[in-house]
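Engineer: Let me give you the structure first, and then I'll get to my questions.
In the numbering used here, the protein residues as written are 436 to 817.
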C-alpha cells in the first residue's frame with residue numbers, strides 16, 4: 436500500500452514538473468584524508484582519557500592524536516532525482532555515464548553494478564527510478580569524492596521517500612559500507628559525512644561509535660565547525676583547484692597505503708598523520724595561513740613516501756605552485772585528477788592561476804554551508 440501511494444505521488448509530482456530530488460555536494464579534502472578509511476580509523480584509534488568535549492577546550496586538544504579529516508563543501512556535485520517507474524521495479528540511470536540498471540525488489544543481486552539499486556531496495560521502495568546528473572560535466576575522477584557523493588545522495592533521497600527511518604550517522608555508514616563492500620571503491624566516511632553535514636567541518640572519527648552512546652556506530656564522529664560562512668572568502672581566496680587531465684587511480688593508491696599499514700615503517704608513517712591533520716584543522720580555525728601551508732606540505736610528504744604514485748600527474752603543477760611560494764595537494768587518493776593549490780597570500784595564488792590557465796583546466800568553486808539540498812520535498816505538502 437505504501438509503495439502504491441508513493442508511486443501515485445511520484446506520478447503527480449512528475450506531471451507538474453516537481454519531481455523530488457536531492458543536490459549532493461562534493462568536498463575538498465586535505466591533510467587527514469585517508470584517515471577516514473575503515474582500516475585506518477581502527478588501526479590508529481585508541482580510547483582517549485577524555486572523549487567528550489568539556490566545553491572549555493575550543494582547540495579540542497585531547498583529540499590531537501585521533502584519526503580526523505577536514506571536509507570543505509563546494510558547489511559541485513550530483514543531482515539525484517526520483518521519477519515514477521514500473522510499479523514493481525526499481526531503477527538507476529546515470530546521465531553522464533550513459534548507464535542504467537533495473538531490478539525487482541527482493542531479487543537484486545549484490546554486485547558492483549547494482550550498488551545503488553541495493554540501497555533503494557534496502558529502503559523497501561518500488562516503482563521508482565533514481566536519475567543521477569552531475570552538476571558540472573567533465574570532471575569525473577577528480578578526487579572530489581564523486582562516487583561517494585552520488586551514493587550518499589541516493590541514501591538521503593531514499594531515506595526521505597521512506598519516511599526518514601535512518602539517522603544521519605546511519606546514512607553515512609550505509610553509504611560507506613555499501614560502496615566499499617560491493618567493490619565500487621575503497622572509501623571511508625569523510626565524503627559521506629560531508630554530504631550529510633556540510634560546511635567547513637572537522638571530523639574526529641570514532642570507528643565503533645561514541646563511547647557510552649549505544650545508538651551510535653560506524654560513521655559516528657565528533658564534529659566542529661572550523662570556519663563560519665561569513666569567513667569562507669578567506670579560504671576561497673587562498674585556494675584553487677586545477678584538473679591534471681589524467682585519470683585517477685584512487686583504489687590502486689589506497690591499496691598501496693593499506694599494504695604499508697601492515698609494515699613497521701609504514702605504520703610509523705601513517706601514525707604520524709593524525710597530529711599533522713590536527714595542526715591543519717587548528718590552522719584553518721585560527722586563520723594561520725603559514726601553518727596551513729606547512730601542514731599541507733608535511734602531509735603530502737608522508738603520503739608520497741608511502742606511495743610515489745600519489746603524485747602521478749601532479750609534479751608539474753606542484754613545481755609551478757612552489758615557484759610562487761604556494762603548494763599543491765592532489766585531492767582524494769591522488770594519482771591524477773583534481774589538484775588543490777594553496778598559498779598564504781591570495782596574490783600568490785592568482786599568480787599560480789595565471790601560470791596554469793593555458794595548460795590545465797581550472798575547476799571554479801564556492802564553499803557551501805551545507806552538504807546537500809532537498810528539492811520538492813516533502814511531496815505531500817506540494
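Just so it is clear, CB atoms sit at the ideal spot from N, CA and C, and this is done for glycine as well.
Select from 789, 550, 780 and 584 the residue whose C-alpha is nearest the C-alpha of residue 509.
Structural biologist: Residue 584 is the option with its Cα nearest to residue 509.
Engineer: Look up residue 810 in the DSSP assignment and say whether it is helix, strand or coil.
Structural biologist: Residue 810: strand per DSSP, three-state reduction.
Engineer: Could you give the distance in angstroms between the alpha-carbon of residue 819 and the alpha-carbon of residue 569?
Structural biologist: Because the chain spans 436 through 817 in this model, residue 819 falls outside it and cannot be assessed.
Engineer: Pull up the distance between the alpha-carbon of residue 793 and that of residue 677, whole angstroms please.
Structural biologist: About 11 angstroms.
Engineer: Run through DSSP, which three-state label would residue 775 get?
Structural biologist: Of the three classes helix, strand and coil, the one that applies to residue 775 here is strand, per DSSP.
Engineer: Using the beta-carbon count (16 or more within 10 Å), is residue 450 buried or exposed?
Structural biologist: Answer is exposed; the Cβ neighbour count stays below 16.
Engineer: Output needed for residue 806: all residues of its chain with C-beta closer than 6 angstroms, excluding positions within five of it in sequence on either side, in chain order.
Structural biologist: Result list for residue 806: 460, 508, 629, 630, 631, 632 and 633, in chain order.
Engineer: Compute the distance between the beta-carbons of residue 615 and residue 654, then report whether it is under 8 angstroms.
Structural biologist: No, these two residues do not count as a Cβ contact at 8 angstroms.
Engineer: Hey, residue 593 and residue 555: beta-carbon distance below 8 angstroms or not?
Structural biologist: In contact: residue 593 and residue 555 (Cβ atoms closer than 8 angstroms).
Engineer: Look at the alpha carbon of residue 484 and the alpha carbon of residue 469, and state the distance between them as a whole number of angstroms.
Structural biologist: Spanning the two alpha carbons is a distance of roughly 24 angstroms.
Engineer: Using DSSP's beta-bridge definition, name the partner residues of residue 640.
Structural biologist: According to DSSP, which records beta bridges pairwise, residue 640 is partnered with 656.
Engineer: In its own chain, which residues sit with a C-beta less than 7 angstroms from the C-beta of residue 818, not counting the 5 before and 5 after it?
Structural biologist: Summary: the structure shown does not reach residue 818, with the chain confined to residues 436 through 817, and so no result is reported for it.
Engineer: From residue 817 to residue 453, what does the alpha carbon distance come to, in whole angstroms?
Structural biologist: Any reading at residue 817 must be qualified, since the residue scores a pLDDT of 49, below 50, and its modelled position is unreliable; the value itself is stated next. When rounded, the distance between both Cα atoms is 9 angstroms.
Engineer: From the DSSP output, in three-state form, read off residue 501 for me.
Structural biologist: Residue 501: coil per DSSP, three-state reduction.
Engineer: Buried or exposed: residue 550, going by 16 or more other Cβ atoms within 10 Å of its Cβ?
Structural biologist: Its Cβ being crowded by 16 or more others within 10 Å, residue 550 is buried.
Engineer: Between residue 499 and residue 724, what straight-line distance do the alpha-carbon atoms span, to the nearest angstrom?
Structural biologist: About 19 angstroms.
Engineer: Report the option in 617, 771 and 525 whose CA atom is closest to the CA atom of residue 538.
Structural biologist: When each option's Cα is compared against that of residue 538, the closest is 525.
Engineer: With a 10 Å radius around its C-beta and 16 neighbouring C-beta atoms as the bar for buried, classify residue 588 as buried or exposed.
Structural biologist: Flag for residue 588 reads buried.
Engineer: Quick check on this structure: which residue in 812, 540 and 735 has the alpha carbon closest to the alpha carbon of residue 767?
Structural biologist: Of the listed residues, the one whose Cα sits closest to residue 767 is 735.
Engineer: In whole angstroms, what is the alpha-carbon distance linking residue 798 and residue 772?
Structural biologist: C-alpha separation (whole angstroms): 11 angstroms.
Engineer: CB-CB under 7 angstroms to residue 716, same chain, minus the five flanking residues each way: which ones, in chain order?
Structural biologist: Hits under 7 angstroms: 503, 505, 637 and 661.
Engineer: So, for residue 761: in the same chain, excluding its five sequence neighbours on each side, which residues have a beta-carbon less than 7 angstroms away from its beta-carbon?
Structural biologist: Taken in chain order, the residues that qualify are 776, 777, 778, 783, 784 and 787.
Engineer: Tell me the rounded alpha-carbon separation between residue 602 and residue 542.
Structural biologist: So the alpha carbons of these two residues sit roughly 26 angstroms apart.
Engineer: For a test of the three-state rule: what should DSSP assign to residue 473, helix, strand or coil?
Structural biologist: Residue state, collapsed to three classes: helix.
Engineer: Between the Cα of residue 710 and those of 441, 479, 440 and 666, spot the shortest distance and give me the residue it belongs to.
Structural biologist: Closest by alpha carbon: 479.
Engineer: Measuring CB to CB, does residue 540 end up less than 8 angstroms from residue 445?
Structural biologist: No, Cβ-Cβ distance for residue 540 and residue 445 is not below 8 angstroms.
Engineer: With DSSP collapsed to three states, give me the class of residue 646.
Structural biologist: Here residue 646 sits in coil by DSSP.
Engineer: Looking at the structure shown, is residue 748 part of a helix, part of a strand, or coil, going by DSSP?
Structural biologist: Coil at residue 748, not helix or strand.
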